[in-house]
Amino acid sequence: LVAYSRHIITIFEKECAFYQRFSDDVSYFGHPLTAMVASPSRDLNKPVERVLLFPGSRKQELKLYLRKMLLVAKAMKTHAPEIGFELSLSSSTYKDCILSEIKTLGVDFVDVVESESKAAFLRSDLVLCASGTATLEAILYDVPMVILAALPPLTYFIAKHVLRIHLPFVALPNVVADKAVVREFVQKQMVVEAIVSEMNHLLSSSARKALVVRYEAVKQCLRGEKDPMLRSEEHTSELQSPCNLVCRLLL
């Protein structure tokens, strides 16, 4: 990549540091989400009224997370019947299979809503989220959350036992901050009872406040010195041949 690039723009500091080992023509401008998302005024003192289930946008993610999330909702509803549950639908393509799973598990109280992630986060008080860029959005919207992270069993086996990849954190917020900011349940740790326990813990106002305070560490790592979109635009215009610019927008 370095050999074919005139300049590389990164959105994560660690990514910038990696490429700088091979080239001096690397810049870190910050994550574009920080320019697109404005933190709302969120009242963390009020009781949790709505929980968002965010199983991801791909078919493979639904296979990994959907059933677990619905079972968590079912257990939480027993503990706190006054709470409403919403499942974010990324595409109408998956609506039938989601509704079928909802019927099978007897969780008809879960509303399936197709809308932009922004709207879903803004009307939610707590999120159970699949690992991915949506977790960074949740942090920028100050929504308390728990993260599920998993790979298909064979892929996970190869990564762990063949390639011997061992990461201290898997969820993006924790990777970015290089510390445990948000509770993540990875692979075999995705036990419904354990997830429910953590979600119920976050029903406490004090627990949600403490979590959102920790979010600041992630926000600081995502922000550049100025608007990342503007910096990228200014830098690109300075290059005589923009086609030689590789802009690593890992969204």
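With the numbering used here as the guide, the letters of the sequence shown map in order to residues 1225 to 1475. In this text, a Cβ means the ideal position worked out from N, Cα and C, and glycines have one as well.
Is the CB-CB distance between residue i and residue j below 8 Å?
i     : j     : result
L1372 : A1354 : yes
D1249 : R1274 : no
V1334 : L1313 : no
V1370 : V1400 : no
Y1365 : L1346 : yes
S1326 : L1294 : The sequence as given places Ile at residue 1326; Ser does not occur at that position. For I1326 and L1294, yes; Cβs fall inside 8 Å.
V1296 : V1410 : no
Y1228 : T1234 : no
Applying the 10 Å Cβ sphere with the 16-neighbour rule, what's the burial state of residue i?
i     : result
L1473 : For L1473, the predicted model reports a pLDDT of 44, less than 50, meaning its position is unreliable; a value from the coordinates is still stated below. Exposed: under 16 other Cβ atoms inside 10 Å.
L1475 : Its pLDDT being 42, under 50, L1475 is placed unreliably in this model, and the coordinates cannot settle the point.
G1330 : exposed
R1245 : exposed
L1391 : exposed
S1341 : buried
T1302 : exposed
D1349 : buried
V1420 : buried
T1328 : exposed
I1232 : buried
Out of the options, point me to the one whose CA is closest to residue i's CA.
i     : options                    : result
V1367 : R1266, P1397, S1229, A1227 : R1266
V1405 : V1415, K1412, V1394        : V1394
P1305 : S1312, R1291, I1419, V1272 : V1272
D1320 : K1301, K1283, P1397, V1296 : K1283
S1315 : T1302, V1436, E1285        : E1285
G1280 : S1430, Q1413, T1357        : T1357
T1359 : P1397, A1344, S1324        : P1397
A1343 : V1261, Y1228, K1403        : V1261
A1434 : I1363, L1446, Q1413        : I1363
L1290 : S1324, Y1243, Q1444, I1233 : S1324
L1225 : E1237, S1247, K1238        : S1247
A1418 : K1292, Y1243, Y1228, K1403 : K1292
K1403 : C1445, K1270, A1227, Y1243 : C1445
L1427 : M1300, A1227, K1412        : M1300
K1447 : Y1243, Y1228, Y1252        : First, the amino acid is wrong: residue 1447 is Arg here, not Lys. The shortest C-alpha separation from R1447 is found at Y1252.
R1432 : K1298, K1270, I1307, S1339 : K1270
K1298 : D1332, I1322, L1288, K1287 : D1332
L1288 : S1429, K1238, S1339, K1412 : K1412
M1423 : I1307, E1237, P1264, K1238 : I1307
Since residue i contacts residue j with CB under 8 Å, what's their CB separation in whole angstroms?
i     : j     : result
F1309 : L1268 : About 19 Å; that fails the 8 Å criterion.
L1257 : E1408 : Not really, about 19 Å apart at Cβ, beyond 8 Å.
Within 8 Å of any Cβ in chain D, is that where the Cβ of residue i sits?
i     : result
K1238 : Structure shown: chain D not included; a single protein chain is present.
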